[in-house]
Structures are given as structure tokens and as C-alpha cells.
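This report concerns only the one structure given below.
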């Protein structure tokens, strides 16, 4: 797998997003009276990276990320959150968990989109900033040549 570092980052970011979603909904001392937190975090750790893998977020070069890639990130996170929602409803119906706040699912979705999208697009920002600094050093030391490109179309 080419983007194994994104997988490791996603594992960390998924946990952060889930815990922060609970913290934003129930204040910072939510572990005392929210027994569903560990189950939700464990389910998110399994469902979200698997969904990202199936939907192709670990393929491709993120140095060249575009709006299409941002849409793919939003779709993958939405599908993962829908699967988590189904798991939460199933756990509520079977009595595995007693109660669950629906707003946690929405906040978790928004945070995960922001975190995973931010991680991937930071690769592009870092790549472009390194390319610019490298070009600046090369252009000052090397002789510039003008080039005419013929037949480039709309490029």
C-alpha cells in the first residue's frame, strides 16, 4: 500500500475526531457517564479505515490532490458515518448500548472530514511549498530559457 502513512494518521485522526465529538457534545468529562464511548471509538477505528480503503483513499498521489479528491474524501467519510449510524442503531435495538446522541454522529462526520481532508491536502501544500523554494534557488543560479509551446490546446 502506497499511502500507509495516511493509514496510520487516519487511525489517530479517527480516534481524535470521535473523542472530540463526544467532548463537544457532553463537555470534557464525558468518560464518567458515557459508557458508549469506547464502543463507538472501537467501531470507528474499524469501519472508517476499511471504508477509506474500499473507496480508494489510500490510492493515488495526494501531492496532486484536487477538488475531485476532496469530493472523494467527503463521500468516503459520509459512507463510513452511515455505516457507523447503522451499527449504532443496531446496538441500540439489541441493547448493547442504552442511549446514544445523534449529534455525536454528525459532529464526528464533520471533524473526520476536516481532519482526514486536512492531512491529505497538507501533503499538497507541503509539496508545492518545497517545489517553490527549490525553483527559487534553481532559477537564481541557472540561466533561464524562454520556451514556446505549440499545440497545447487549453493548457
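Residue numbers (the numbering used here): 3 to 157.
C-beta atoms are modelled at their ideal positions from N, C-alpha and C, and glycine is treated no differently.
Keep in mind it's a predicted model, so treat the numbers as computed, not measured.
Excluding the 5 residues flanking residue 121 on each side, which residues of the same chain have their C-beta closer than 7 Å to its C-beta?
Excluding residues within five positions, the ones whose Cβ falls inside 7 Å are 8, 11 and 15.
Leaving out the 5 sequence neighbours to the left and right, which residues in its chain are closer than 8 Å to residue 81 when beta-carbon positions are compared?
Cβ within range, chain order: 53 and 57.
Using only the alpha-carbon positions, how far apart do residue 102 and residue 38 sit?
Those two C-alpha atoms are separated by around 7 Å.
Could you compute how far the alpha carbon of residue 127 sits from the alpha carbon of residue 92?
Distance between the alpha carbons of residue 127 and residue 92 is about 41 Å.
Nearest CA to the CA of residue 67: which residue from 123, 5 and 152?
When each option's Cα is compared against that of residue 67, the closest is 123.
Check residue 66 in the structure and name its three-state DSSP category.
It is helical.
Rounded to whole angstroms, what is the Cα-Cα separation between residue 27 and residue 100?
C-alpha separation (whole angstroms): 17 Å.
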